[in-house]
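**Student:** Protein chains in written order, with my numbering: chain A, 32 to 278; chain B, 6 to 469.
C-beta: ideal position from N, C-alpha, C; glycine also.
A single structure is presented below for examination.
This is how it looks when you write it as structure tokens:
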């Protein structure tokens, strides 16, 4: 497939390794991958603060970067940014061209589960990982059944990782309780955000896993700061990095 | 006094400030968070024991939405059926009118002492201080309510109002107010003392008042749920009984009430049903039964399609128990009578600190917990937009958000400054960066900065 990468500003600027891993793993799977120019922010910091007017121009700039780009799918390695992009694109542009872009948007895990599953892994990844089930991915993108919901359960994140030879997947206590990042919440509500992050980091470390693995870079960046402040024996990895290491 | 620590009062300070104070005692935060999470776990077990749980939530949501969209009709039917049952019905536009109506009824009967069971509506209307000013003694008879009433504190939770107090603190309070032995903190001992104390109050009361969990339109019935039987002890002893309800409590019929009864207690505490679920549909022999139906902003809320859904709430408190922010900031950090997600939903408009709508990470757990599918995260998100449109933003957002908007929309500005930031993070010592890193660096290590952006890497390694 021909895939256009949507690399959110935070990943582009602060976590390029996540984007590189995404690119490499998609190429290893035989996809043709392009990076449309002119991508900025999805507008989430503004809309989550209620500031829709301030979000308009940045959102439309990002949308325009994808309009008319020839591709089968637009893939993003950040669930929260992807959800915001979908909602904000629709909020500010209701044209058929905008809808064409929105319909092609996929979060990486979602893409690898629903659209183009990985046929086989070639390398071992013999590590114990603790999965970080970030909120927007599970409760807005349905990557896994939220713990609040009763009835039949599914978990696309685990399903995508489970066939990696040697991998051992565990979960922290209160498995999908929010890590406390929340965008500007992390600075507006510093004390509560930090306490949530500390609790989450400790819960991951208590599993004895070597890595906290997640699909949302912003949550991971926040957890990384908490883990290193508390000197916990665990490191963050994005799911793309784990998948890329096993291909 | 040990129980009256410094975050025990309402006041117009932003949520983050009060939360920051609450968070200073980390052991207490852990204890508070764990106590409420235990309720969440009990709820999960109770909900999971019913195969049709998700269908019940859907049904509950539809019942409430249906009733709200036909509210005028159901309110009229309810009133007619109440009158036919010998109940006196009163209408109150706001809290002040509600309080006057209650006082009129009580003074006509020369009531000196009123026993009251749990009602968040009377908290919303600030009934107790109003009646006390008129010389009427008001005794809250729910154990948790009585505890906080003796401590002169508002409820910190809508179902377990004294959840923020430890048993030792209750022991000290009872020692002072009810003359229990000093240092006595055994729950059984304290509960027995409270029971004896409350029994005297019931027997000497002139009137009883309760809140209402559901009001059944087609039979003119009010449903009152308690675990302690205190509402029933009250309503069945004095000849005069009053029930206060918001217009949002209506349901069409007893079958609808039964659906909500199946989820209410399960979602609140994990019990299959409240110990006492009483259906009142008329006065005692030679008694009088009054129902006061209150609007107090609800009709206004119904006009906004998104906010209207918050009126589906049945006050189970499940959203508070699951809320990671509520559990770590406490019930007194919200600048509104009702804390937590539902408190933000119904209280953000009145919040003069304009901050409670931001006391939320938009994690969405509350929405998935809710037994009537109130879309709490969407409502909170909507409140932020309404606040922004009114120019009422907290935490300096009014001044910095337009700049962020411009900054993020410009690739050049974003690339230049982020490149500078990465360099600074790499070469400058942490001690020099810390003062500029604000709340991020206060609590967390700063990120390890990469050498270049992905875009730059891509240009170098994959020719465009």
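So which residues on chain A does residue 25 (chain B) lean against when the C-beta distance must stay under 7 Å?
**Tutor:** Locating residue 25 (chain B) in the second chain gives position 20, where the first residue counts as 1. Ordered by position in chain A, the residues that pass the 7 Å Cβ test against residue 25 (chain B) are 222.
**Student:** Identify which residue in B:34, B:349, B:359, B:358 has its Cα closest to the Cα of residue 367 (chain B).
**Tutor:** Counting from one through the second chain, the residue named residue 367 (chain B) turns up at place 362. Cα-wise, what sits closest to residue 367 (chain B) is B:349.
**Student:** Who are the Cβ neighbours of residue 316 (chain B) in its own chain at under 7 Å, not counting the five residues just before and after it?
**Tutor:** Here residue 316 (chain B) refers to the residue found at position 311 when the second chain is read from its first residue. So the list reads 73, 253, 303, 306, 307, once near-sequence residues are dropped.
**Student:** Which residue from A:257, A:43, A:111 puts its Cα closest to that of residue 464 (chain B)?
**Tutor:** Counted from its first residue, the second chain places residue 464 (chain B) at position 459. Nearest of A:257, A:43, A:111 to residue 464 (chain B), Cα basis: A:43.
**Student:** If distances are taken between C-alpha atoms only, which option among A:141, A:76, A:117, A:69 comes closest to residue 245 (chain A)?
**Tutor:** Within the first chain, residue 245 (chain A) is the residue found at index 214, counting from 1. Nearest option by C-alpha distance: A:141.
**Student:** Please classify residue 182 (chain A) as buried or exposed, where buried requires at least 16 other C-beta atoms within 10 Å of its C-beta.
**Tutor:** As a position in the first chain, residue 182 (chain A) is number 151, starting the count at 1. It counts as exposed.
**Student:** Please determine if the region 249-265 of chain A and the region 395-406 of chain B are in contact, where contact requires at least 3 C-beta pairs separated by less than 8 Å.
**Tutor:** Not touching, per the Cβ criterion.
**Student:** Around the C-beta of residue 425 (chain B), are 16 or more other C-beta atoms found within 10 angstroms, so that it is buried, or is it exposed?
**Tutor:** Locating residue 425 (chain B) in the second chain gives position 420, where the first residue counts as 1. Exposed.
**Student:** Could you work out which residue in A:148, A:88, A:180 is closest to residue 278 (chain A) when comparing CA atoms only?
**Tutor:** By one-based count along the first chain, residue 278 (chain A) stands at place 247. Measuring from the Cα of residue 278 (chain A), the nearest candidate turns out to be A:148.
**Student:** With a cut-off of 8 Å on the beta carbons, I'd call residue 324 (chain B) and residue 269 (chain B) a contact; round off their distance for me.
**Tutor:** Locating residue 324 (chain B) in the second chain gives position 319, where the first residue counts as 1. Locating residue 269 (chain B) in the second chain gives position 264, where the first residue counts as 1. Contact doesn't hold; Cβ gap of about 13 Å is too wide.
**Student:** Contact criterion: CB-CB distance below 7 Å. Does residue 252 (chain B) meet it with respect to chain A?
**Tutor:** By 1-based counting over the second chain, the position of residue 252 (chain B) is 247. By this cut-off, residue 252 (chain B) is not an interface position.
**Student:** Using the three-state DSSP reduction, which class does residue 169 (chain B) fall into: helix, strand or coil?
**Tutor:** The sequence position of residue 169 (chain B) within the second chain is 164, counting from 1. In this structure, residue 169 (chain B) counts as coil in the three-state DSSP scheme.
**Student:** For residue 330 (chain B), decide whether its Cβ has a neighbour in chain A, counting only Cβ atoms nearer than 7 Å.
**Tutor:** Walking along the second chain from the start, residue 330 (chain B) turns up at place 325. Closer than 7 Å to some Cβ of chain A, the Cβ of residue 330 (chain B) qualifies, so yes.
**Student:** Extract the residue ranges of the alpha helix (DSSP H) inside the region 121-184 of chain A, only unbroken runs of 4 or more that lie entirely within it.
**Tutor:** As far as the region 121-184 of chain A is concerned, its whole alpha helix (DSSP H) runs of at least 4 residues are 127-134.
**Student:** Can you tell me whether residue 185 (chain A) is buried or exposed, with buried defined as 16 or more other CB within 10 angstroms of its CB?
**Tutor:** Stepping through the first chain from its first residue, residue 185 (chain A) is reached at position 154. Counting Cβ neighbours within 10 Å, residue 185 (chain A) comes out exposed, since fewer than 16 surround it.
**Student:** What do you get for residue 186 (chain B), buried or exposed, if any count of 16 or more other CB atoms within 10 angstroms of its CB means buried?
**Tutor:** Here residue 186 (chain B) refers to the residue found at position 181 of the second chain. Per the 10 Å Cβ criterion, exposed.
**Student:** Helix or strand or just coil, what does DSSP make of residue 443 (chain B)?
**Tutor:** The residue you call residue 443 (chain B) lines up with position 438 of the second chain. In this structure, residue 443 (chain B) counts as helix in the three-state DSSP scheme.
**Student:** Can you list, in chain order, the residues of its chain with a C-beta nearer than 6 Å to that of residue 293 (chain B)? Leave out the 5 residues immediately preceding and following it.
**Tutor:** The count along the second chain starts at 1 and reaches residue 293 (chain B) at position 288. Within the same chain, residue 293 (chain B) has close Cβ partners 245.
**Student:** What do you get for residue 63 (chain B), buried or exposed, if any count of 16 or more other CB atoms within 10 angstroms of its CB means buried?
**Tutor:** Residue numbering aside, residue 63 (chain B) sits at position 58 when the second chain is read from its first letter. Answer is exposed; the Cβ neighbour count stays below 16.
**Student:** Can you pull the chain A neighbours of residue 59 (chain B), defined as C-beta to C-beta under 9 Å?
**Tutor:** As a position in the second chain, residue 59 (chain B) is number 54, starting the count at 1. Going along chain A in sequence order, the residues near residue 59 (chain B) (Cβ under 9 Å) are 180, 181, 182.
**Student:** Indicate the three-state DSSP secondary structure (helix, strand or coil) for residue 158 (chain B) in the structure shown.
**Tutor:** The sequence position of residue 158 (chain B) within the second chain is 153, counting from 1. Looking at residue 158 (chain B) - three-state DSSP - the assignment turns out to be coil, as it is neither helix nor strand.
**Student:** Given residue 47 (chain A), which residues of its chain have a CB within under 8 Å of its CB, disregarding the five upstream and five downstream residues?
**Tutor:** Within the first chain, residue 47 (chain A) is the residue found at index 16, counting from 1. Excluding residues within five positions, none has a Cβ falling inside 8 Å.
**Student:** Where does residue 146 (chain A) land, buried or exposed, given buried means 16+ other C-beta within 10 angstroms?
**Tutor:** Indexing the first chain from 1 puts residue 146 (chain A) at position 115. Its Cβ having fewer than 16 others within 10 Å, residue 146 (chain A) is exposed.
**Student:** Taking only runs of the beta strand (DSSP E) that begin and end inside the region 198-253 of chain A, which ones reach a length of at least 3 residues, in chain order?
**Tutor:** The qualifying runs are 199-201, 242-245.
**Student:** How about the region 164-175 of chain A and the region 369-385 of chain B: do they share at least three Cβ pairs that are nearer than 8 Å?
**Tutor:** They touch, by the three-pair rule.
**Student:** Below 9 Å between beta carbons is the criterion; list the residues of the region 72-96 of chain B that meet it against any residue of chain A, in chain order.
**Tutor:** Answer in chain order: no residues at all.
**Student:** For the region 114-121 of chain B against the region 97-106 of chain B, are there 3 or more C-beta pairs whose distance is under 8 Å?
**Tutor:** Verdict: no, contact absent.
**Student:** Can you confirm whether residue 429 (chain B), when its beta carbon is compared against all beta carbons of chain A, has any partner nearer than 7 Å?
**Tutor:** Here residue 429 (chain B) is taken as the residue at index 424 of the second chain, counted from 1. So, not an interface residue.
**Student:** Between the alpha carbons of residue 261 (chain A) and residue 296 (chain B), how many angstroms are there, rounded?
**Tutor:** Walking along the first chain from the start, residue 261 (chain A) turns up at place 230. Walking along the second chain from the start, residue 296 (chain B) turns up at place 291. Roughly 56 Å between the two C-alpha positions.
**Student:** Would you decide whether residue 206 (chain B) is buried or exposed? Buried here means 16 or more other CB atoms lie within 10 Å of its CB.
**Tutor:** One-based indexing of the second chain puts residue 206 (chain B) at position 201. Residue 206 (chain B) should be labelled buried.
**Student:** State the Cα-Cα distance for the pair residue 151 (chain B) and residue 278 (chain B), rounded to the nearest angstrom.
**Tutor:** Position 146 of the second chain holds residue 151 (chain B). Position 273 of the second chain holds residue 278 (chain B). Going by the C-alpha atoms only, they are around 23 Å apart.
**Student:** Could you give the DSSP three-state label for residue 231 (chain B): helix, strand or coil?
**Tutor:** The sequence position of residue 231 (chain B) within the second chain is 226, counting from 1. If DSSP states are grouped into helix, strand and coil, residue 231 (chain B) belongs with the strands.
**Student:** Quick check on the DSSP output: the alpha helix (DSSP H) that includes residue 48 (chain B) runs from which residue to which?
**Tutor:** Stepping through the second chain from its first residue, residue 48 (chain B) is reached at position 43. Counting along the chain, the alpha helix (DSSP H) containing residue 48 (chain B) begins and ends at 31-53.
**Student:** Report, in whole angstroms, the separation of the C-beta atoms of residue 1 (chain B) and residue 189 (chain B), which I expect to be a contact under 8 Å.
**Tutor:** Missing from the structure shown is residue 1 (chain B); chain B here goes from 6 to 469 and no further.
**Student:** Three-state secondary structure (DSSP) at residue 15 (chain B)?
**Tutor:** Position 10 of the second chain, counted from the first residue, corresponds to residue 15 (chain B). Note on residue 15 (chain B): pLDDT 47, under 50, position unreliable in the model; no value is reported.
**Student:** Given a cut-off of 7 Å on the beta-carbon distance, is the pair residue 228 (chain B) and residue 248 (chain B) in contact?
**Tutor:** Translated into the one-based positions of the second chain, residue 228 (chain B) becomes position 223. Translated into the one-based positions of the second chain, residue 248 (chain B) becomes position 243. Cβ atoms of residue 228 (chain B) and residue 248 (chain B): not closer than 7 Å.
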